[in-house]
Amino acid sequence: MNILRNIEEIRDFRASQLRSPLGFVPTMGNLHEGHLSLVRLAGRENRTVVVSVYVNPTQFNDPEDLASYPRTWEKDRMLLESLEVDSVFLPTDEVMYPKGYSITINPGAVAARWEGEHRPGHFEGVCSVVSKLLDIVQPDVAYFGEKDYQQLQVIRAMVGDLNLPVTIRCGPTIRETDGLALSSRNSLLSPDERARAPRLKQALDRLRAAIGADQDAAAALSEERSTLAAAGFQVDYLALVDGASLEPLTAPEEGARLLVAASIGVVRLIDNCAL
Ligand code: AMP
């Protein structure tokens, strides 16, 4: 497995070793089965797989969140080697944001609500780094998880609006057996918080059943917000939305999605499901 730390090394790899198509999986490391499922999907659909491991500072709106983000490169390297990844792009901040760097990408309408509202600047950072990574790696196909559903839609919009020459593919959310969506932040939960965390998915499941059975969506959403608050969650949002525009819906429609973000203690979790 090649470990490529700067842009010239990626360009050399592309020039000398590339077998098309190239599948690319951007990550922030601390790899878990959610990431690995995307890497395997990329491996099945491409002849070359590149994974990036980079904790992008510009998408963190909270300095403490950035400081506490788990970094586990040696373990990540072993996992990626076991999956026969061809190359890992492992840049430093200096490689990604050299002195004088100033251009950023406005993430547009899909980013306005939900995560965009609660994490100002987050999607500007995501779009800027993903656009740079796509330009550096130049993949045929790039892979993102449905776990970060709004991120996936924002990236699809960016790729469409800016005519970026890449296909975006998504993989399903991988969960623990109790339903908690795998996330690098789960390791920051205390045992008591970890025991309560699956209630997020349980709220989504109850809502899907209630709204599917034609119960009033607003009333069902309000009830589940209260249930989560009573279980000690601080709920940022729990919403029924259009699956493409992410505009809120008052009643279910084709492709609708449920989105949730809530904190237990200092750990903020997000989840979503199709209706
Ligand atoms: P991250 O390292 O958190 O930036 O995630 C890298 C990629 O893995 C993103 O496309 C995420 O959506 C995806 N991902 C994270 N968690 C999961 C999960 N539980 N299931 C599927 N994909 C995931």
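Sequence positions in the sequence shown follow this note's numbering and run 75 to 349. A virtual CB, placed ideally from N, CA and C, is assigned to each residue, including glycine. Source: prediction; values computed, not measured.
First through last residue of the alpha helix (DSSP H) which encompasses residue i
i      : result
Phe218 : Per DSSP, Phe218 belongs to no alpha helix (DSSP H); it is in the beta strand (DSSP E), 215-219.
Gln308 : Note, Gln308: premise wrong, no alpha helix (DSSP H); beta strand (DSSP E) at 308-315.
Arg114 : 107-119
Glu297 : 291-304
Pro137 : 137-142
Glu158 : Premise fails: Glu158 is in no alpha helix (DSSP H) and is neither H nor E.
Ala185 : From DSSP, Ala185 is part of no alpha helix (DSSP H); its letter is neither H nor E.
First through last residue of the beta strand (DSSP E) which encompasses residue i
i      : result
Val233 : Val233 -> not in any beta strand (DSSP E); alpha helix (DSSP H) instead, spanning 223-235.
Phe163 : 161-163
Gly286 : Note, Gly286: premise wrong, no beta strand (DSSP E); alpha helix (DSSP H) at 273-286.
Arg331 : 331-338
Pro100 : 96-101
Val211 : No beta strand (DSSP E) holds Val211; the alpha helix (DSSP H) holding it covers 196-211.
Asp345 : 341-348
Simplified DSSP state of residue i, which is helix, strand or coil
i      : result
Arg243 : strand
Arg259 : helix
Ser126 : strand
Leu78  : strand
Pro172 : coil
Gln326 : The sequence as given places Pro at residue 326; Gln does not occur at that position. Note: Pro326 maps to coil in three-state DSSP.
Arg249 : strand
Phe134 : coil
Gly190 : helix
Ser90  : helix
Ile179 : coil
Ala318 : coil
Arg145 : coil
Interface flag, residue i vs chain C, CB-CB below 8 Å
i      : result
Val162 : No chain C is present in this structure, which holds just one protein chain.
Fill in: Three-pair Cβ contact test at 8 Å for the stretch 282-297 versus the stretch 257-266
no
Fill in: Nearest-residue set for the ligand AMP, Cβ under 5 Å from any heavy atom
Thr101, Met102, Gly108, His109, Phe218, Gly219, Lys221, Asp222, Thr247, Ile248, Ala255, Leu256
Discussion item. Does the structure place the stretch 183-196 close enough to the stretch 91-102 that three or more beta carbon pairs sit under 8 Å?
Written reply: no
Worksheet item: How about the stretch 152-161 and the stretch 133-144: do they share at least three Cβ pairs that are nearer than 8 Å?
Response: no
Worksheet entry | Cβ pair count under 8 Å reaching 3, the stretch 118-128 against the stretch 160-179 | yes
Worksheet item: How do the stretch 115-124 and the stretch 189-201 stand: do at least 3 beta-carbon pairs fall below 8 Å, yes or no?
Response: no
Fill in: Stretch pair the stretch 80-88 + the stretch 207-217: three plus CB contacts closer than 8 Å
yes
Practice prompt. Mind the definition here: the stretch 335-343 touches the stretch 302-322 only if three or more C-beta pairs lie below 8 Å; say whether that holds.
Written response: yes
Practice prompt. Indicate whether the contact test is met: 3 or more Cβ pairs, each with one atom in the stretch 107-115 and one in the stretch 170-185, closer than 8 Å.
Written response: no
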